[in-house]
Amino acid sequence: MAGALPWLKPGLLLGSLAPLAIIVWRASMGTLAANPIAEALNQFGLLALIFLVASLSPTPLKLWFGLKWPLRVRRMLGLLSFFYASLHLLTYALLDLGGEWRTFLEDLGKRPFVTVGFLAWLMLLPLAITSTNASVKRLGFTSWKLLHRLAYVAAGLGVIHFVWRVKKDASEPVMYGLALAVLLAVRAWDWHQTRQRKKLGA
Amino acid sequence: MEPRSDRVVRVKEPPSSEITPEQVYLRRREFMRNAGRTVLTAAGVATGLAWLTGGARKRRILDERPDQQVTPLAVQKPEAFRANEQPTSYDDITHYNNFYEFGLDKEDPALNARALVTRPWTVEVTGEVAKPRVFDLDELLAFELEERVYRMRCVEAWSMVIPWLGFPLSKLLARVEPTSRAKYVAFTTLLDPTQMEGQQRSVLDWPYVEGLRLDEAMHPLTLLAMGLYGKTLPNQNGAPIRLVVPWKYGFKGIKSIVKIELTSTQPRTTWNDAGPSESGFYANVNPFVDHPRWSQASERRIGELSRRPTLPFNGYADEVASLYAGLDLRRNY
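Residue numbers (the working numbering), protein chains in the order written: chain A, 10 to 211; chain B, 3 to 335.
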């Protein structure tokens with residue numbers, strides 16, 4: 010019965026929304042750190058990156074360990090990343106800057122760290138919009154797949170955004186960068202093998 | 003089933019119409035099993051995320067611990083030097099700290115600074131002075147302590163209002179009699195990685211050092227603080243003695259000082275070493291000169307949700323702006 014796993018998606022969704030529930034709960038109790046907006050901002054941003062890296066792991070997991078079930082939650086992981094990235098952006102624009110669009114645009118133009126983060130979110134946007142099966146059909150699988158490679162670019166920008174944010178000690182962002190590099194390397198290696206095989210076959 | 007004899011206690015059986023069909027019974031079992039797995043998956047994912055994002059855990063450990071030993075201090079409360087603003091809560095002042103010697107997160111110092119032993123403690127005052135000497139803790143506490151309610155503006159664009167207890171640095175310097183060659187004052191934090199676990203990682207070039215121009219050091223606003231809210235400093239706030247320069251960004255307020263040296267040349271400062279383009283020697287609060295990565299035009303007062311505009315020299319321009327007459331504050335940030 011490796012087939013159905015009806016608990017996988019609801020379980021993942023519930024668990025993934027738990028951090029949001031905890032943040033909202035702590036904020037309403039007034040126990041979300043001394044600077045609650047900064048805390049929520051940081052947590053949402055980190056969660057977006059965690060889910061983005063997670064959404065890029067199903068294919069390498071299949072290639073490496075032959076695991077197929079992670080592929081079933083890839084779309085959900087990607088959408089969760091977009092969800093938390095959007096919360097991160099909204100917290101920044103509406104709560105941190107208090108909806109002052111001039112300051113927001115100024116930050117966007119003047120501060121590479123903000124620009125890069127915004128670009129990462131912007132790249133996730135078309136991916137979230139075209140995440141339905143109907144979109145795969147409409148775009149055709151090849152171009153849909155090509156478009157969704159943007160996830161790697163977004164994750165790379167996310168890591169850069171994180172590295173530039175920390176004042177000192179980039180060890181945590183670098184960890185995510187390394188995870189991303191490993192995931193990319195597995196794909197590159199597989200791509201290389203496939204090409205070799207094709208060459209030999211020809 | 004055979005009906006039982008009337009003498010035995012009769013168990014009432016449900017009518018056969020109420021017996022759950024086997025199929026439904028099995029489906030129900032499967033449903034329960036799946037519900038269980040859903041909950042387990044959710045719990046696993048939630049735990050993993052909590053571990054990756056940190057957060058709540060530290061606060062819980064903190065809440066379970068008894069308060070650090072802080073003792074009341076007798077103080078003067080002069081009417082001058084009192085910011086007419088609501089002080090930030092004691093809890094926030096003591097649990098939202100940048101003190102990298104005890105970790106990088108804001109709540110780390112409250113967690114890790116207990117390891118610091120603040121008695122006995124000495125501060126060596128030396129350099130370009132006529133009477134170099136070492137002060138022990140009781141000699142420092144013997145200075146007339148005053149309560150001063152100062153705004154504190156962090157370079158990270160948040161701020162607090164803190165009722166410090168301390169005495170003007172100028173009073174200490176007067177005791178050692180700076181020579182005419184003395185132009186600057188250099189400060190050094192304790193270096194002891196066994197007590198300060200953050201020093202085991204080379205995040206900054208330890209020990210933390212800071213510096214002031216002599217006229218800044220002699221200014222009546224410049225304080226050596228030994229307490230806050232009527233009590234001795236909690237370790238995470240820089241016990242037993244720290245610098246407070248309210249018109250400069252918070253990182254100038256070097257903590258747990260062991261050495262003060264008067265010099266003829268501008269001393270090096272830790273954050274300037276770490277990033278010359280991000281932190282200068284002066285570090286005066288200035289809403290018109292942005293940090294490379296964020297605006298300094300506004301700040302969030304801890305305990306408030308909306309931002310407020312940042313004031314030049316953190317609102318102390320009347321008192322200190324004259325110190326910088328003729329100095330280009332854009333270049334000397």
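The C-beta atom is built at its ideal place from N, Cα and C for all residues, glycine as well.
For the alpha helix (DSSP H) containing residue i, list its first residue and its last residue.
i                 : result
Glu103 of chain B : No alpha helix (DSSP H) holds Glu103 of chain B; DSSP gives it neither H nor E.
Thr190 of chain B : Per DSSP, Thr190 of chain B belongs to no alpha helix (DSSP H); it is in the beta strand (DSSP E), Tyr186 to Thr191.
Thr203 of chain A : Ser180 to Gly210
Gln52 of chain A  : Pro45 to Ser64
Ala160 of chain A : Leu159 to Arg174
Gly87 of chain A  : Arg83 to Leu99
Lys71 of chain A  : Pro67 to Phe74
Met38 of chain A  : Leu17 to Met38
Asp320 of chain B : Ala319 to Val322
Asp330 of chain B : From DSSP, Asp330 of chain B is part of no alpha helix (DSSP H); its letter is neither H nor E.
Asn114 of chain B : Asp110 to Asn114
Asp343 of chain B : Because chain B is modelled from 3 through 335, residue 343 of chain B falls outside the range shown and cannot be assessed.
Please decide whether residue i counts as near chain B, where near means a Cβ-Cβ distance under 8 angstroms.
i                 : result
Asn44 of chain A  : yes
Lys77 of chain A  : no
Ala27 of chain A  : yes
Met10 of chain A  : Only weak support is given to the placement of Met10 of chain A: the predicted model assigns it a pLDDT of 41, under 50, and the value that follows is read from those uncertain coordinates. No, because no Cβ of chain B sits closer than 8 angstroms to the Cβ of Met10 of chain A.
Gly24 of chain A  : yes
Thr100 of chain A : no
Arg111 of chain A : no
Trp73 of chain A  : no
Trp130 of chain A : no
Arg83 of chain A  : no
Gly126 of chain A : no
Pro19 of chain A  : yes
Pro15 of chain A  : yes
Leu117 of chain A : no
Leu70 of chain A  : no
Gly87 of chain A  : no
Span of the beta strand (DSSP E) holding residue i?
i                 : result
Gly2 of chain B   : In the structure displayed, chain B extends from 3 to 335; residue 2 of chain B sits before or after that span and is not available.
Ile336 of chain B : Residue 336 of chain B falls outside the range modelled here, since chain B spans only 3 to 335, and no answer is possible.
Val151 of chain B : Glu148 to Arg155
Closer than 8 angstroms, CB to CB, is residue i near chain A or not?
i                 : result
Trp208 of chain B : no
Gly46 of chain B  : yes
Arg310 of chain B : no
Val205 of chain B : yes
Glu15 of chain B  : no
Tyr98 of chain B  : yes
Leu113 of chain B : no
Tyr335 of chain B : no
Lys396 of chain B : Residue numbering for chain B in the displayed model covers 3 to 335; residue 396 of chain B lies beyond these limits and cannot be assessed.
Ile304 of chain B : yes
Asn316 of chain B : no
Ser297 of chain B : yes
Arg332 of chain B : no
Name the DSSP beta bridge partners of residue i, please?
i                 : result
Glu126 of chain B : B:Val136 and B:Lys261
Glu212 of chain B : B:Phe189
Val246 of chain B : B:Leu225
Pro180 of chain B : B:Val131
Arg39 of chain B  : The partner list for Arg39 of chain B (beta bridge, DSSP) is empty, contrary to what the question assumes.
Thr234 of chain B : B:Gly229
Arg84 of chain B  : B:Val151
Pro74 of chain B  : B:Lys233
8 angstroms is my cut-off, CB to CB: does residue i come that close to chain D?
i                 : result
Thr191 of chain B : The structure shown has no chain D; the protein chains it does contain are A and B.
Legend entry - Interface residues of the stretch 182–202 of chain A facing chain B [CB-CB below 7 angstroms]: none
Legend entry - Proximal residues, the stretch 130–160 of chain B versus chain A, C-beta separation under 7 angstroms: The stretch 130–160 of chain B vs chain A, Cβ under 7 angstroms: Trp160.
Inset, instruction - Anything in the stretch 149–174 of chain A with a Cβ closer than 9 angstroms to a Cβ of chain B? List those residues in chain order, please. - result: Trp173 and Arg174
Inset, instruction - Could you please tell me which residues of the stretch 132–144 of chain A, in chain order, have their CB closer than 8 angstroms to any CB of chain B? - result: none
Legend entry - Complete runs of the beta strand (DSSP E) confined to the stretch 256–311 of chain B [at least 3 residues]: 259–265 and 300–303
Legend entry - Whole runs of the alpha helix (DSSP H) within the stretch 120–152 of chain A, excluding any shorter than 4 residues: 121–138 and 142–148
Inset, instruction - Note down, in chain order, all residues in the stretch 242–262 of chain B with a beta-carbon under 7 angstroms from any beta-carbon belonging to chain A. - result: Look at the stretch 242–262 of chain B: it has no residue with a C-beta under 7 angstroms from a C-beta of chain A.
Inset, instruction - Could you please tell me which residues of the stretch 19–40 of chain B, in chain order, have their CB closer than 7 angstroms to any CB of chain A? - result: Asn36, Arg39 and Thr40
Inset, instruction - Using a Cβ-Cβ cut-off of less than 7 angstroms, give me the residues of the stretch 260–285 of chain B that come near chain A, in sequence order. - result: Ala276
Inset, instruction - Taking a Cβ distance cut-off of 8 angstroms, strictly less, list which residues of the stretch 102–126 of chain B are near chain A, in chain order. - result: Tyr102, Leu106, Lys108 and Glu109
Inset, instruction - Give, in chain order, every residue of the stretch 55–68 of chain A whose Cβ lies closer than 7 angstroms to some Cβ of chain B. - result: Leu55, Leu56 and Ile59
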